[in-house]
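Undergrad: Numbered according to my numbering, the sequence shown spans residues 5 to 455.
Just so it is clear, CB atoms sit at the ideal spot from N, CA and C, and this is done for glycine as well.
This one's a predicted model, so the numbers in the text were calculated from it and none came from an experiment.
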Amino acid sequence: MTHESQLTRLGLFDARVPRYTSYPTAPHFGTAVHEGQFIQWIQAIPAGSAISLYLHVPFCRRLCWFCACRTQGTSSDIPVRAYAATLKAEIALLKGHLAPGVTLSRLHWGGGTPTLLPADLMRDLADTVFDAVPLGPDAEFSVEIDPNEIDEPRLDALAAAGMNRASIGVQDFDPEIQKTIGREQSYDLTRRVADMIRTRGVRSLNADILYGLPHQTRARIADSVQKLLTLTPDRVALYGYAHVPWMSRRQQMIPSDAMPTPEERLALFETARQLFTWDGYQEIGIDHFARPDDGLAIAVRKGTLRRNFQGYTDDTAPVLIGLGASSISRFPQGYAQNASGTSDHTKAIRAGHFSTHRGHVFQGEDLLRARIIEALMSDFRISRSELLRDYDTTPDRVDHLLRNANDAFPGMLDLTADGLFIPPKARPLTRMIARTFDAYDHSKAQHSAAI
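Structure below.
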């Protein structure tokens, strides 16, 4: 039996499974978490500790058709300035509940397009954040940058504010593919922006690229990857495009008959993966690559790689607080999500309240299963001794969970006295293997393809 036929037999090319940037996943959040609970969790953060902060800007100058993120288009700065004022008020609310001496381990501005903020708003917003929660030692301040929506003054403002990691969205450099997905962005422009970032002393550059796009072939993705490698990014995210036009109306602009088959998607991923590894990048989890001296590669070697809503991270802070509409926070006690709609979020903040409207309180085996899934997604390995040391469980319970997963994928996994390991041949199945440890019902959820 060939390797591809084994993957077919196990259902890889038909399955739709969560990406597991959280456990439980967001569709299982409920209304039990409210503002009062959110405030209690903030107040429980110990004085002098480090936290991470995510700031969401849900605006774009144009809406790319491939994107399924919660964003809205605007040609004017008027709603952007109003939203920035709301963010400042939200930061002031947060500051009022934080214990003394709390600092930032990580600050990330995402979206949407955070770089559509005018330079003066960038400076003002950064000052407001750092007045409430200053950057700690060796902290990281990262910003998602759209090469079509950035200029010298805005980069100057970000660099002066302390941005030391920039993330550029590439998707694909092929002109036909760019036109089909509604994201036209030349290689020359991208190269120029990368150079502008580096001349300002920003120490690290990330890039995102997609596989599984319409009209994409192995030759085309190879060409895009080779162009990307000339920019020498420190870290690359190779995400699978999720074509979900029933969930994202703008994706209906993309012709479904131009999409590669699941088998072709795997070949596209493998083509890109080989090019990155041949160029000296280390594989990070299921879809990232990093230079050996990058923080993610170091975290893999130290066994401290983690996974959150932004993907893989070397951040070990126990708390991530999300600011802005739809943002999600993670605490040791559970998850809390802000109102998804910008108007609902703004209304709550202007009334002096957080907009928390849903979330999840950890219960039962949530933390145990969350760690198992994170370990699989990050290290392809579950340590039996770690689970018994760190979680309220028994050897029999752990062995039962591991055996169930092993039995679900006969001949593909390595089950030993030390735990469970996913060998390279089975790594395309990682999300499916993780699902065997998921106690929640996903039958009604509409997840993305497993490959």
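For my contact list, G115 and Q314 are in at a C-beta cut-off of 8 Å; report their separation, rounded to the angstrom.
TA: For this step, residue 115 is matched to residue 111 along the sequence shown. For this step, residue 314 is matched to residue 310 along the sequence shown. The Cβ separation is near 12 Å, so there is no contact.
Undergrad: How far does the alpha helix (DSSP H) with T90 in it extend, from its first residue to its last?
TA: Stepping through the sequence shown from its first residue, residue 90 is reached at position 86. T90 -> alpha helix (DSSP H) spans I82 to H101.
Undergrad: Check whether the Cβ atoms of D422 and S447 lie closer than 8 Å to each other.
TA: Looking up residue 422 in the sequence shown gives position 418. Looking up residue 447 in the sequence shown gives position 443. Against a cut-off of 8 Å, the Cβ pair of S447 and D422 comes out as no contact.
Undergrad: Under 6 Å Cβ to Cβ from G326, same chain only, skipping five residues before and after it: list those, please.
TA: As a first step, residue 326 is located in the sequence shown; it is residue number 322 there, counting from the start. The residues are Y58, I332 and S333.
Undergrad: Can you give me the C-alpha to C-alpha distance between R295 and V304, rounded to a whole angstrom?
TA: Indexing the sequence shown from 1 puts residue 295 at position 291. Indexing the sequence shown from 1 puts residue 304 at position 300. Using only the alpha carbons, I get a separation of about 12 Å.
Undergrad: Label R239 either buried or exposed according to how many other C-beta atoms from any shown protein chain fall within 10 Å of its C-beta, with 16 as the threshold for buried.
TA: In the sequence shown, counting from the first residue as 1, residue 239 sits at position 235. So R239 counts as buried.
Undergrad: Can you check whether the CB of L98 is closer than 8 Å to the CB of A136?
TA: On the sequence shown, position 132 is the one that residue 136 refers to. On the sequence shown, position 94 is the one that residue 98 refers to. Their beta carbons are under 8 Å apart, which means A136 touches L98 by this criterion.
Undergrad: Does DSSP classify I325 as helix, strand or coil?
TA: Here residue 325 refers to the residue found at position 321 when the sequence shown is read from its first residue. I325: strand per DSSP, three-state reduction.
Undergrad: Curious, which full-length alpha helix (DSSP H) runs of at least 4 residues does the stretch 25-73 contain?
TA: 39-47
Undergrad: Using 10 angstroms around the beta-carbon of T350, count the other beta-carbons present and answer buried if the total reaches 16, otherwise exposed.
TA: Residue numbering aside, residue 350 sits at position 346 when the sequence shown is read from its first letter. Residue burial annotation: T350 is buried, with at least 16 other C-beta atoms found within 10 angstroms of its C-beta.
Undergrad: Between the Cα of Y191 and the Cα atoms of A30, R110, A211 and A130, which residue gives the shortest distance?
TA: Indexing the sequence shown from 1 puts residue 191 at position 187. Of A30, R110, A211 and A130, the residue nearest in Cα terms is A211.
Undergrad: Ignore the nearest five residues each way along the sequence and tell me which others in P22's own chain have a CB closer than 6 Å to its CB.
TA: In the sequence shown, the residue the question calls residue 22 occupies position 18. Excluding residues within five positions, the ones whose Cβ falls inside 6 Å are T29 and H451.
Undergrad: Would you list the residues sitting across from G356 in a DSSP beta bridge?
TA: In the sequence shown, the residue the question calls residue 356 occupies position 352. G356 pairs with nothing; no bridge assigned.
Undergrad: Indicate the three-state DSSP secondary structure (helix, strand or coil) for S228 in the structure shown.
TA: Position 224 of the sequence shown, counted from the first residue, corresponds to residue 228. The answer is helix: DSSP assigns S228 an H, G or I state.
Undergrad: Given a cut-off of 8 Å on the beta-carbon distance, is the pair A72 and A246 in contact?
TA: Position 68 of the sequence shown holds residue 72. Position 242 of the sequence shown holds residue 246. A contact, by the Cβ cut-off of 8 Å.
Undergrad: Among the residues of its own chain, which have a CB less than 7 Å from the CB of D248, if the five just before and after it don't count?
TA: Translated into positions along the sequence shown, residue 248 becomes position 244. First, the amino acid is wrong: residue 248 is Val here, not Asp. The residues are A72, Q255, Q450 and S452.
Undergrad: For N342, which beta-bridge partners are listed by DSSP?
TA: Within the sequence shown, numbered from 1, the residue matching residue 342 stands at position 338. DSSP lists T360 as the bridge partner or partners of N342.
Undergrad: Roughly how many angstroms separate the alpha carbons of S252 and R439, rounded to a whole number?
TA: Here residue 252 is taken as the residue at index 248 of the sequence shown, counted from 1. Here residue 439 is taken as the residue at index 435 of the sequence shown, counted from 1. Near 24 Å, if we compare the C-alpha coordinates of R439 and S252.
Undergrad: Going by beta-carbon coordinates alone, are P118 and V37 separated by less than 8 Å?
TA: Taking the first residue of the sequence shown as position 1, residue 118 is located at position 114. Taking the first residue of the sequence shown as position 1, residue 37 is located at position 33. No, the pair does not count as a contact, with Cβ atoms beyond the cut-off.
Undergrad: Which residues share a DSSP beta bridge with V240?
TA: Taking the sequence shown and counting its residues from 1, the one referred to as residue 240 is at position 236. V240 pairs with A211 and F293.
Undergrad: Classify I376 as buried or exposed, calling it buried when 16 or more other Cβ atoms lie within 10 Å of its own Cβ.
TA: The residue given as residue 376 occupies position 372 in the sequence shown. Buried.
Undergrad: Please classify W282: does DSSP put it in a helix, a strand, or coil?
TA: The count along the sequence shown starts at 1 and reaches residue 282 at position 278. Of the three classes helix, strand and coil, the one that applies to W282 here is helix, per DSSP.
Undergrad: What span of residues does the alpha helix (DSSP H) with P399 cover, start to end?
TA: In the sequence shown, counting from the first residue as 1, residue 399 sits at position 395. Run containing P399: P399 to A412, per the alpha helix (DSSP H) assignment.
Undergrad: Per the DSSP calculation, W113 is bridged to which residue(s)?
TA: Locating residue 113 in the sequence shown gives position 109, counting from the first residue. Answer is L59 and V147.
Undergrad: Please classify Q47: is it buried, with 16 or more other beta-carbons within 10 angstroms of its beta-carbon, or exposed?
TA: Residue 47 sits at position 43 when you count from the first residue of the sequence shown. Q47 should be labelled exposed.
Undergrad: What's the gap between the Cα of E156 and the Cα of L193?
TA: On the sequence shown, position 152 is the one that residue 156 refers to. On the sequence shown, position 189 is the one that residue 193 refers to. Linking E156 to L193 through their CA atoms gives a straight-line distance of about 13 Å.
Undergrad: How close, in whole Å, do the beta carbons of L111 and F145 come, if the pair is a contact with beta carbons under 8 Å?
TA: Walking along the sequence shown from the start, residue 111 turns up at place 107. Walking along the sequence shown from the start, residue 145 turns up at place 141. About 5 Å separates the two Cβ atoms, so the contact holds.
Undergrad: Quick check on the DSSP output: the alpha helix (DSSP H) that includes Q337 runs from which residue to which?
TA: The sequence position of residue 337 within the sequence shown is 333, counting from 1. Run containing Q337: none; DSSP gives neither H nor E here.
Undergrad: Measure the alpha-carbon distance for T75 versus I49 and round it to whole angstroms.
TA: For the purposes of this step, residue 75 is taken as residue 71 along the sequence shown, with counting starting at 1. For the purposes of this step, residue 49 is taken as residue 45 along the sequence shown, with counting starting at 1. Rounded to the nearest angstrom, the two C-alpha atoms are 31 Å apart.
Undergrad: Tell me whether the beta-carbon of E321 lies closer than 8 Å to the beta-carbon of A54.
TA: Residue mapping note: residue 321 aligns to position 317 of the sequence shown, counting from 1. Residue mapping note: residue 54 aligns to position 50 of the sequence shown, counting from 1. Here residue 321 is Ala; the residue named in the question, Glu, does not match the sequence. In contact: A321 and A54 (Cβ atoms closer than 8 Å).
Undergrad: Within the same chain, show all residues whose beta-carbon is closer than 7 Å to that of D150, passing over the 5 residues directly before and after it, in chain order.
TA: In the sequence shown, the residue the question calls residue 150 occupies position 146. Answer for D150: T117, T119 and G173, listed in chain order.
Undergrad: So what does DSSP say about G299, is it helix, strand or coil?
TA: Position 295 of the sequence shown, counted from the first residue, corresponds to residue 299. G299: helix per DSSP, three-state reduction.
Undergrad: In or out: I82 buried (at least 16 other Cβ within 10 Å) or exposed?
TA: Position 78 of the sequence shown, counted from the first residue, corresponds to residue 82. I82 should be labelled exposed.
Undergrad: Rounding to the nearest angstrom, what Cα-Cα distance links E188 and R373 in this structure?
TA: Residue mapping note: residue 188 aligns to position 184 of the sequence shown, counting from 1. Residue mapping note: residue 373 aligns to position 369 of the sequence shown, counting from 1. Answer to the nearest angstrom: the Cα atoms are 41 Å apart.
Undergrad: Could you say if the stretch 225-233 and the stretch 267-282 meet the contact criterion of at least three C-beta pairs nearer than 8 Å?
TA: The answer is yes - the stretch 267-282 touches the stretch 225-233, with three or more Cβ pairs under 8 Å.
Undergrad: S387 by DSSP, collapsed to three states: which one?
TA: Counting from 1 along the sequence shown, the entry for residue 387 is found at position 383. The answer is strand: DSSP assigns S387 an E or B state.
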